[in-house]
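Counted from 1, the sequence shown has number 13 at position 13 by the UniProt record's numbering; the numbering is strictly sequential.
Backbone N, C-alpha and C fix where the C-beta goes; we use that ideal spot for every residue, glycine too.
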Amino acid sequence: MKISHHFDDATLMAYSAGSLPQGMALLVACHLHWCEQCRERTRETDAVGGAMLDSLTPAMLTDDALNAVLACLDEPEQEFSLSKAEPLADDHLPAPLAQVLGKPIDDLPWKRIGYGVRQLDLELDGPGATRLLRISPGVSVPHHTHSGNELTLILQGSYSDEMGRFCRGDVADLDGEVSHQPIVDTDEDCICLIATDAPLKFSGLMGRLVQPFIGL
Ligand SMILES: [Zn+2]
């Protein structure tokens with residue numbers, strides 16, 4: 001797999017710090033599963049985080065600090081701690097996503113949300129939305145900007161937009177400044193995993209019309 005689009009440093013730092021919403025953390029874990037380069041960068045951001053902890057001035061602990069730490073041991077582990085996941089040779093989906101979906105991509109309860117576009121909401125907890133989008137060849141998603149950050153990972157097929165061409169394994173790491181209109185540019189469905197930390201804002205009449213139906 002030849003990957004040409006990767007995450008911003010800020011995204012990997014937030015991933016290392018464990019501060020991304022659940023869906024975004026899942027998406028980062030999926031890309032890391034495929035991308036040696038970002039796995040290497042994550043080892044660096046993990047190390048930076050550790051160094052920052054080391055440089056903090058020690059503070060007095062409260063009397064119940066030990067109990068508070070022990071209580072944390074009972075909390076469920078973060079599900080997508082994936083830097084350790086080794087890539088498999090021929091898996092179609094990245095392992096962290098396959099684990100969440102539990103079935104092949106064609107057996108999922110896709111919902112048609114417009115001409116040539118199907119969606120599946122993963123219904124993860126936390127702010128923002130996490131969904132799979134399956135877009136037919138030649139179809140474009142309405143022009144939109146973001147009020148927050150949007151991460152996209154291409155799982156199959158490809159699309160092009162103002163930022164370039166995005167193929168399987170590539171990520172688009174967009175903030176609120178960017179306005180774009182992706183269009184599927186091969187004769188294969190394009191399937192993406194998309195995670196946001198706030199709702200999208202569509203521009204243009206078509207976008208405003210479809211927004212309530214897509215529920216983005
Ligand atoms: Zn990467």
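Beta-bridge analysis with DSSP links TYR159 to PHE166 and VAL184. Between PRO104 and HIS33, the C-beta gap is not smaller than 8 Å, which leaves the two residues out of contact. If you look at THR11, you'll find it in the alpha helix (DSSP H) that goes 9 to 17. With 6 Å as the limit between CB and the heavy atoms of ligand 1, the residues that fall short of it are ILE3, HIS6, HIS31, CYS35, GLN37 and CYS38.
Residue range 130 to 135 is occupied by the beta strand (DSSP E) that includes LEU132. Under the 8 Å Cβ criterion, the region 111 to 121 does not count as touching the region 155 to 169, having fewer than three qualifying pairs. Proximity to ILE194 across THR152, LEU26, MET163 and THR62 peaks at THR152, based on C-alpha coordinates. Counting only the Cα atoms, CYS190 lies some 19 Å from VAL28. In this structure ARG131 is buried. Its beta-carbon is surrounded by 16 or more other beta-carbon atoms within 10 angstroms. Look at VAL48 here: in three-state DSSP terms it is helix.
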